[in-house]
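One structure below.
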Amino acid sequence: MTHNIAILGASGYTGAELVRLIAGHSSMKITALGANSKAGQTMAEVFPHLRHLDLPALVTIDEIDFSGIDLCFCALPHKTSQEVIAALPPDLKVVDLSADFRLRDPAAYKKWYGNDHAALAQQEEAVYGLTEFYREEIASARLVAGTGCNAATGQFALRPLIAAGVIDLDEIIMDLKCAVSGAGRSLKENLLHAELSEGYHAYSVGGTHRHLGEFDQEFSKVAGRPVQVQFTPHLVPANRGILATCYVKGDAQAILDTLEKAYEAEPFIKVLPLGEAPSTRHIRGSNFCHIGVVRDRIEGRALVIAALDNLTKGSSGQALQNANLMLDIEETEGLMMAPLFP
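Here the sequence shown is numbered in the UniProt record's numbering, starting from 1 and rising by one per residue.
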């Protein structure tokens, strides 16, 4: 059976990544591509690397007939996404890649994103899209909220450890490096080559990054009590990838054993041998996440390091993984490609 797919926001990085992944999918066909700012153009004009594919032209969202669509990916900016999704047919399956439905508490959404939520009914039904931990709920969901790419990386590293109680919940520090594609495709002065290359810098410092809302929500839920982590993201002059180095208090071997047990049956999460650290160059362009555990020189402390591709496992690959579940397709379909190297 072939499922008809629509992608809204197809002219952005995550939209293009969805097209790349679905092109190798045996049970999905892209029948509509929405991109208001690029409407009337072809995908070959917007993304020449996709010119070999037979794709529909880009149109405005209002021009799309959703009656024959089985599932819609929404890769639009936050605030825009909630308004668009609220107007879609109520029985249409949707995977949202924005931040609009990640936070369950409307007050938390307003705190981190600065505006009142305009689609509260849809927010109530949304399922958080961290596939490995919400698999059953996602399979029966109509609306799935994809995680933030930073939030996914940190959760893969820490969530099983918090649940098992093998680390001190009050002493978690996360230092995260993120590639520039995580900032989106729109033109920004600070992302110009001359402004960004040959250096990197911390941003959203002092606990102001929006993905902290997800960490607070999910870690506290797992622990059964409030958990707050120290988190500083850094922008690095690379196209793809996230590397999260988490400093924790706990026994390294117990941490490794916990991660190995948690992920032993997971096709996309690979736990490395003790002492081995992952690299973004080893997961680039793939849906894999590599996690390493290293003993610190200070007794009773350890480093947990996770690497994933922000556009794939951190966003569009995760979205396709969730869509497979929602459409009763093998979860790994279209996602087992090997990483690109070098």
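Note that the Cβ used here is the ideal one computed from N, Cα and C, for glycine as well.
Check, Outcome
"Extent of the continuous beta strand (DSSP E) to which D257 belongs", "Unbroken run through D257 is the alpha helix (DSSP H), 252-263; no beta strand (DSSP E)."
"6 Å Cβ shell around Q41 - same chain, five flanking residues per side excluded", "L58"
"Cβ neighbours of residue 360 in the same chain (closer than 8 Å, five flanking residues each side left out)", "No answer is possible for residue 360: the residues shown for the chain start at 1 and end at 342."
"Buried or exposed by the 16-neighbour rule on C-beta atoms within 10 Å, applied to N190", "exposed"
"Terminal residues of the alpha helix (DSSP H) in which P159 lies", "Correcting the residue identity first, residue 159 is Arg in this sequence and not Pro. 149-164 is the extent of the alpha helix (DSSP H) around R159."
"Residue from R240, F133, G241, A252 whose Cα sits closest to the Cα of F219", "F133"
"Chain-order list of residues whose beta-carbon lies under 6 Å from that of A16 (same chain, five-residue window excluded)", "F47"
"Alpha helix (DSSP H) runs contained entirely in the region 64-135, provided each spans 4 or more residues", "80-86, 106-113, 120-125"
"Straight-line Cα distance separating E331 from M1", "15 Å"
"Check: I242 C-beta below 7 Å from any heavy atom of the ligand ZN", "The ligand ZN is not part of this structure, which contains no ligands at all."
"Integer-rounded CB distance, given that F66 should sit under 8 Å from L97", "So it is not a contact: roughly 18 Å between Cβ atoms."
"Cβ shell of D105 (< 8 Å), same chain only, five flanking positions each side left out", "Q217"
"Where the alpha helix (DSSP H) through T332 begins and ends", "That residue, T332, is in no alpha helix (DSSP H); it is neither H nor E in DSSP."
"Span separating the alpha-carbon of A302 from that of Q253", "9 Å"
"Cβ neighbour criterion (16 or more within 10 Å) applied to H78", "buried"
"Assigned exposure category for A262 - 16 Cβ within 10 Å defines buried", "buried"
"Among T258, P267, E137, G285, nearest to M326 - alpha-carbon criterion", "E137"
"Alpha-carbon spacing of A183 relative to Y203, whole angstroms", "12 Å"
"DSSP state of P48 mapped onto helix, strand, coil", "helix"
"Top-ranked residue by Cα proximity to G224, from A99, A163, F341", "A163"
"Nearest candidate by alpha-carbon position, reference A126, set L161, V94, L311, N115", "V94"
"Straight-line gap, N324 to L18 (C-alpha atoms, nearest Å)", "13 Å"
"Cβ neighbour criterion (16 or more within 10 Å) applied to A99", "buried"
"Element boundaries [beta strand (DSSP E), containing R301]", "301-308"
"Secondary structure of H25, DSSP reduced to three states", "coil"
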